[in-house]
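Colleague:
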Amino acid sequence: GDGMGKAKAERMFGLMDGFLKNDPVSLQKSILDHVEYTVARSRFNFDDFEAYQALSHSVRDRLIERWHDTHQHFKKKDPKRLYFLSLEFLMGRTLSNSVINLGIRDQYADALSQLGFDFEVVAEQEGDAALGNGGLARLSACQMDSLATLDYPAMGYGLRYQFGLFRQIILDGFQHEQPDYWLNFGNPWEIERVHVSYPVKFYGTVKEEFVNGETRKAWVPGEMVEAVAYDNPIPGYGTRNAINLRLWAAKPSGQYDMESYNTGDYINAVFNRQKAETISSVLYPDDRSYQGKELRLKQQYFFVSASIQDIIRRFKDVNSNFDDFPEKVALQLTDTHPSLSIVEVMRILLDEEHLAWKKAWDIVCKISSFTTHTVILEGLEKIPVDLLESLLPRHLQIIYEINQMFMEEWKKKIGNDYARLSRMSIVEEGSVKSIRVANLSVACCHTVNGVSRVHSEIIKSKVFKDFYEVWPEKFQYKTNGVTQRRWVVVSNPGLSALITKYLGTEAWIRNVDLLSGLRQHASDLALHQDWKMVKKVNKTRLAEYIEMMSGVKVSLDAMFDVQIKRIHEYKRQLLNILGVIHRYDCIKNMAKGDRMKVVPRVCIIGGKAAPGYEAAKKIIKLCHAVAETINNDTEIGDLLKLVFIPDYNVSVAELVIPGSDLSQHISTAGHEASGTGSMKFLMNGCLLLATADGSTVEIIEEIGVDNVFIFGAKMSEVPALREKVASTKASLQFSRVVRMVKDGYFGFKDYFKSLCDNLENGDDFYLLGSDFASYLEAQAAADRAFADQEKWTEMSILCTAGSGRFSSDRTIEEYAKKTWGIEPCKCPSDS
Ligand code: NBX
C-alpha cells in the first residue's frame, strides 16, 4: 500500500520539496546527522573527508527522493523506455554535479561554511568512478546526464567493476599501472539492491525435448552466478526527473552448487564460490584490440544476460503479450560489446517464452539499435567459436541459425558473389573459426549509427560497405556531444557566471544553442576584460596543480597548449612532442635578440597507455625525457616548458580544460571516429589546433575556418600519401628532430629506436613526416594570434558561442526521435 496515502503525503509535503527541506538550517542538520549516525564520527570533531562522506549522504537522500518519484511516475505512465547498454561509464565525481543538477549547490556551500568547511575543499575529497577507458565511456556518462535532463524514460545498464581503470604512476618517466580499488572507502552514490538479482548461466549442454508435438531446445547449464543490482541515481538539471544507472555485480549463486558441498571439502567449496566474483571484478584497460579471452566473454554475457532478464521482467510486470514488446522497449547497444544481447533476447523468447522463430526474430530486429565508435577494421571483435561453444552452447546454435537465414537473404539480393558473401557472413571460416560480432550487430539491428558525419561516410564506404549496399536505409549518424552541465557549469563556474551575465539568463544550461547569443558581444572590450580574468584564474589553478604534480613552475603569461586523451599512435602525441623538440631547437639556434619575440609556451600532455601497448608507453617516456632536457635548460627559461600530467582522468580534465588556451586534436585524418575532448575545450573557449578528422570537420563548419588552426592531409589524400611516403625521403626539418631522438640527445637511445626507425624508414603509417611542415605552420599561426590578446579573446568567445551543436542534449534528441522512438515523460513537480 501507499502507507499514509499518497494524496495526504502530497498535501503535507508538496512534491517538489519532497520530504526533505533544502534551506541552510535543514541542510546543516542533515549533514550533522549523517556525521553522527552514518559516518559515526562526533558532530564536534570531523575532518574534510568525513565532511565529504556526510555531505554526500545528505545529497544522496535528496537524490533518492526524486529517483523514487521518477520511478513511480514512469511506472504509472508505462511509456516506451530506452535501455542504454554500455560496458563502460566514466562518471568521474558525483557530488558537485549532483548538487548543481539538484539546484542546491549554494545552499550546501552556505551550510558547510557555517560549519567551518569549504565546499570546494570538501568536494576535492571525492575519488573518480572510472569504470571505463576513454571517449566511449565518457560519452555514455554525458548521454545519461542528457537523458535525465530531457526527461526521457531511460535507464542505463553497466557493470560494477571492483577495479576501475588502472591508476597511472610515473616512475623515472615510465608508466606503471596500479589497481584502482575505488570502493575501498565506500561508495555513497550507489544503492545496493540485494533483492534485485538474477541467475546467469554458463557452460553445459543443449538438450532437445518434445513438447506438444514440437522440438524444444533447452540449455542445461554447468555453472551459475548471481547478478546483483547496484543502482546509481542520475539527476537531471532543472527537472525533478532522476533516472537510474543500474550496474551489475557478480556474486556466488545460492542455488546451484549443493553438490560440491556434499563432497566434504567445505573450505575449497567456499573458495570456489568466491571465484564467481571475478567476473565483474576488473575493467579491461585495452581500448584497441579484442583478445579472445574467456573472462572478457563471460563478463560481456553476464552483463547482457542480467540486463535482458531485468528488462523482460519489467515488461512482464504489466504486459502479457510480446507483440507489444517493441512498443515498450528500445535497446541501444554501445559498440559491439553488448551485442550478445541480440542472441540472449532470441534465446529467452524461443526457449523460455516459446515464441515461434519468426515472431521472436521480428521483435529482436525492431528493438535493437547499434552505434559503432571505431574506424579500425582490425579492432572489431571476434569470438572464437570453440570458446563460445563451451561457454554458451545454445547461443552458438542461435547464431548459426541467424547466419543461415541471412546468407539466404543476401544470396537472393546479390547473387552468388561468394567472396562478398563470405565477407558478410557472421561466421568467419579460417584457421580459427570465429563469430564476427560487428556483422551480427549490423545484420540484426534496425539502425547502425556512426558518431560523426565523416565517420558515417567511412562506415558506409569501407567498414560496412557490403552491408550498406544491401541496406542503405539502416545507416545513420548522430554526431557526438558532451554535457555542458559537467563540462562548463560544474568545472568552470567563473565562465558560467560570465556567460549568464552576458546572455541575461541561465537558460543556456538546458538549451545550449543560446550560447550563440555571445557572438554579438565577441568584440565587446568589457567582456574581453572579464573573459581574460576568468581564464587567468583558471590558469592559476592549473599552474598550481602542475607545480604540485611535476615540480615545474610555469609562467601564467605563456600560452597553455594541451593534449589530453588516451595515448595512441593514431592520435599522434608523438607529432606533438616532435613539434616541441623543433621549437626547442629553434630557440636554441636563435640570436639572443630574437628570443624576445618568441611567444612563451607551456606544452601539457596527459593520458594513459594500455598496459600492453609498447609504442604508447615509449611515447610517454619520450615526453618525460624531452621535458627533462628542456625544463632544465636555463637558456630557455619560461620560453618553453613541457609537462606530463600523470593519471589523467575525468576530474583532472575538469581542472585542465578551463585553464588551457589551446588544445590539440591532431589524429591522422580518417582515424578518429569523432573525438569529444575537442567539444569540451570549445565550450570553454579554448582554441583548437586540429586536423580535419571526425567531428572536427563539423566544428569547423560551426565556428568558421578563421577560428581554428587547421592543418594536415585531408582524409581523401591519405591513401596516396601513404604510398608516396614509402618511396620518398622525409623533409630535412623532420629528419633533424627525429635524429635528435635517435642519436640520444634525450638519452635512452636504444629504447626510443623503434619509435624513430619507423618514421624514417618509409614506414610512417600515421604520416607524421608528411604533416610536419603544415603542423608547424599551424603552430606558428597560433603564436601570432596569441601575441594579439584582443584578437585571441575574440576567437575564444566565438568558440564558446559556436559550441551549441556539440551538446549531448542535441545528440540525445536526435536519437530519441530518429532511432529510439521515445517521448519525454516528465515527473510532475509543484513549483
Ligand atoms: O569513442 C572512442 C573513439 O575513439 C572516439 O573517436 C569517439 O569520440 C568516442 C565516442 O564515440 N572510442 C573509444 O573510446 N573506445 C573505447 O574506449 C574502447 C573500449 C574497449 C574496447 C574497444 C574500444 N574493447
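Counting along the sequence shown from 1, when you hit position 248 you're at 417 in the UniProt record's numbering, and nothing is skipped either side.
C-beta atoms are modelled at their ideal positions from N, C-alpha and C, and glycine is treated no differently.
For L967 and L687, I'd like the C-alpha separation in whole angstroms.
Modeller: Locating residue 967 in the sequence shown gives position 798, where the first residue counts as 1. Locating residue 687 in the sequence shown gives position 518, where the first residue counts as 1. Looking at the two C-alpha atoms, the distance is approximately 7 Å.
Colleague: Take the Cβ of L464 as the centre, count every other Cβ of all protein chains shown within 10 Å, and call the residue buried at 16 or more, exposed below.
Modeller: Mapped onto the sequence shown, residue 464 falls at position 295. Flag for L464 reads exposed.
Colleague: Exposed or buried, A612, counting other C-beta atoms within 10 Å across all chains shown (16 or more means buried)?
Modeller: What you label residue 612 is simply residue 443 of the sequence shown in a count that begins at 1. Buried: at least 16 other Cβ atoms inside 10 Å.
Colleague: Any heavy atom of the ligand NBX closer than 7 Å to the CB of V620?
Modeller: Taking the first residue of the sequence shown as 1, we reach residue 620 at position 451. True, at least one ligand heavy atom lies under 7 Å from that Cβ.
Colleague: For A220, is the classification buried or exposed, using 16 other Cβ atoms within 10 angstroms of its Cβ as the cut-off for buried?
Modeller: Position 51 of the sequence shown, counting from 1, holds the residue named residue 220. So A220 ends up on the buried side.
Colleague: Go to C925, then tell me how far its alpha helix (DSSP H) extends in each direction, as first and last residue.
Modeller: Here residue 925 refers to the residue found at position 756 of the sequence shown. Taken as a continuous stretch (DSSP letters only), the alpha helix (DSSP H) holding C925 covers 918 to 929.
Colleague: DSSP three-state label for T540, please.
Modeller: By 1-based counting over the sequence shown, the position of residue 540 is 371. DSSP places T540 in strand when its eight states are reduced to three.
Colleague: Which same chain residues, not among the five before or five after F182, have their C-beta less than 7 Å away from its C-beta?
Modeller: Start at 1 with the first residue of the sequence shown, and residue 182 comes out as number 13. Per-residue confidence for F182 stands at a pLDDT of 49, beneath the threshold of 50, marking its modelled position as unreliable; the derived number appears in the next sentence. The answer, listed in chain order, is F188.
Colleague: Can you tell me which of the three DSSP states M765 falls into?
Modeller: For this step, residue 765 is matched to residue 596 along the sequence shown. DSSP places M765 in coil when its eight states are reduced to three.
Colleague: Is D456 near the ligand NBX, in the sense that its beta carbon is under 7 Å from a heavy atom of that ligand?
Modeller: The sequence position of residue 456 within the sequence shown is 287, counting from 1. Because some heavy atom of the ligand NBX lies under 7 Å away, the Cβ of D456 counts as near it: yes.
Colleague: Just to confirm, does N818 get its C-beta within under 7 Å of one of the non-hydrogen atoms of the ligand NBX?
Modeller: Start at 1 with the first residue of the sequence shown, and residue 818 comes out as number 649. Not under cutoff, so the answer is no.
Colleague: When DSSP labels each residue in this structure, what does W640 get in the three-state scheme?
Modeller: To locate residue 640, count along the sequence shown from 1; it is residue 471. Three-state DSSP puts W640 in coil, outside helix and strand.
Colleague: Report the partner residues of N618 according to the DSSP bridge assignment.
Modeller: In the sequence shown, the residue the question calls residue 618 occupies position 449. T540, Q645.
Colleague: Identify, in the order they occur along the chain, each residue of the same chain with its Cβ nearer than 7 Å to the Cβ of A985, setting aside the five sequence neighbours on each side.
Modeller: What you label residue 985 is simply residue 816 of the sequence shown in a count that begins at 1. These residues qualify, in order along the chain: Y321, I991.
Colleague: Buried or exposed for M848, please, with buried defined as at least 16 other CB atoms from any protein chain shown within 10 angstroms of its CB.
Modeller: Locating residue 848 in the sequence shown gives position 679, counting from the first residue. When all chains shown are included, M848 counts as buried.
Colleague: Any heavy atom of the ligand NBX closer than 7 Å to the beta-carbon of S843?
Modeller: The residue you call residue 843 lines up with position 674 of the sequence shown. Yes, the ligand NBX has a heavy atom inside 7 Å of this Cβ.
Colleague: State yes or no: is the C-beta of E257 nearer than 7 Å to some heavy atom of the ligand NBX?
Modeller: Residue numbering aside, residue 257 sits at position 88 when the sequence shown is read from its first letter. Correct: E257 has its Cβ closer than 7 Å to the ligand NBX.
Colleague: Got a sec, what are the start and stop residues for the alpha helix (DSSP H) R385 sits in?
Modeller: Position 216 of the sequence shown, counted from the first residue, corresponds to residue 385. Looking at the DSSP string, R385 is not in any alpha helix (DSSP H); the run it does join, the beta strand (DSSP E), is 383 to 389.
Colleague: Please state whether DSSP places A398 in a helix, a strand or coil.
Modeller: Mapped onto the sequence shown, residue 398 falls at position 229. Residue state, collapsed to three classes: strand.
Colleague: Which whole-angstrom value describes the C-beta separation of A411 and L232, a residue pair presumed to lie in contact below a C-beta threshold of 8 Å?
Modeller: As a first step, residue 411 must be located in the sequence shown, where it is residue number 242. As a first step, residue 232 must be located in the sequence shown, where it is residue number 63. So it is a contact: roughly 6 Å between Cβ atoms.
Colleague: Between which two residues does the alpha helix (DSSP H) holding A612 run?
Modeller: Numbered from its first residue, the sequence shown carries residue 612 at position 443. Residues 606 to 613.
Colleague: Closer than 7 Å: is that where the CB of G303 sits relative to any heavy atom of the ligand NBX?
Modeller: Within the sequence shown, the letter at position 134 stands for residue 303. Under cutoff, so the answer is yes.
Colleague: In chain order, what residues of the same chain have a beta carbon less than 8 Å from the beta carbon of R336, not counting five sequence neighbours either side?
Modeller: If you number the sequence shown from 1, residue 336 lands on position 167. Taken in chain order, the residues that qualify are E346, Q347, P348, D349, D816.
Colleague: Roughly how many angstroms separate the alpha carbons of E257 and D456, rounded to a whole number?
Modeller: Reading the sequence shown from its first residue, position 88 is the one you call residue 257. Reading the sequence shown from its first residue, position 287 is the one you call residue 456. Approximately 11 Å between the Cα atoms of the pair.
Colleague: Can you give, in chain order, each stretch of the beta strand (DSSP E) that sits fully within the segment 198 to 264 and has at least 3 residues?
Modeller: Listed in chain order, the complete beta strand (DSSP E) runs (minimum 3 residues) inside the segment 198 to 264 are 250 to 254, 258 to 261.
Colleague: At 3 residues or longer, and completely inside the segment 709 to 785: list those beta strand (DSSP E) runs for me, N to C.
Modeller: Listed in chain order, the complete beta strand (DSSP E) runs (minimum 3 residues) inside the segment 709 to 785 are 728 to 733, 770 to 775.
Colleague: Please determine, among L858, R605, I879, S600, the residue with the shortest C-alpha to C-alpha distance to R592.
Modeller: Start at 1 with the first residue of the sequence shown, and residue 592 comes out as number 423. Closest by alpha carbon: R605.
Colleague: Would you say I746 and V795 are within 8 Å of each other, going by their C-beta atoms?
Modeller: Here residue 746 corresponds to residue number 577 of the sequence shown, with the count starting at 1. Here residue 795 corresponds to residue number 626 of the sequence shown, with the count starting at 1. Closer than 8 Å, so yes.
Colleague: Alpha carbon to alpha carbon, how far is W700 from D875?
Modeller: Here residue 700 corresponds to residue number 531 of the sequence shown, with the count starting at 1. Here residue 875 corresponds to residue number 706 of the sequence shown, with the count starting at 1. Cα-Cα distance, rounded: 20 Å.
Colleague: Ignore the nearest five residues each way along the sequence and tell me which others in D171's own chain have a CB closer than 7 Å to its CB.
Modeller: Residue numbering aside, residue 171 sits at position 2 when the sequence shown is read from its first letter. Because D171 carries a pLDDT of 46, less than 50, the predicted location of this residue cannot be relied on, and the following value inherits that uncertainty. Taken in chain order, the list of residues that qualify is empty.
Colleague: For D171, name the three-state secondary structure that DSSP assigns.
Modeller: On the sequence shown, residue 171 is found 2 positions in, with the first residue counted as 1. Per-residue confidence for D171 stands at a pLDDT of 46, beneath the threshold of 50, marking its modelled position as unreliable; no derived number is given.
Colleague: Take Q312 as the anchor and find which of E982, P993, C996, A387 has the nearest alpha-carbon.
Modeller: In the sequence shown, counting from the first residue as 1, residue 312 sits at position 143. Q312 has its Cα closest to that of E982, out of E982, P993, C996, A387.
Colleague: Pull the bridge partners of N413 from the DSSP assignment, please.
Modeller: Reading the sequence shown from its first residue, position 244 is the one you call residue 413. Answer by DSSP bridge pairing, in chain order: M324, P402.
Colleague: Ordered along the chain, which non-local residues of its own chain (more than five positions away) have a Cβ less than 6 Å from that of L924?
Modeller: Within the sequence shown, numbered from 1, the residue matching residue 924 stands at position 755. K787.
Colleague: Quick check: the Cα distance between Y470 and T447, rounded to an integer number of angstroms?
Modeller: As a first step, residue 470 must be located in the sequence shown, where it is residue number 301. As a first step, residue 447 must be located in the sequence shown, where it is residue number 278. Computed Cα separation, rounded: 14 Å.
Colleague: Helix, strand or coil: which one does DSSP assign to Y372?
Modeller: Indexing the sequence shown from 1 puts residue 372 at position 203. Coil, per DSSP.
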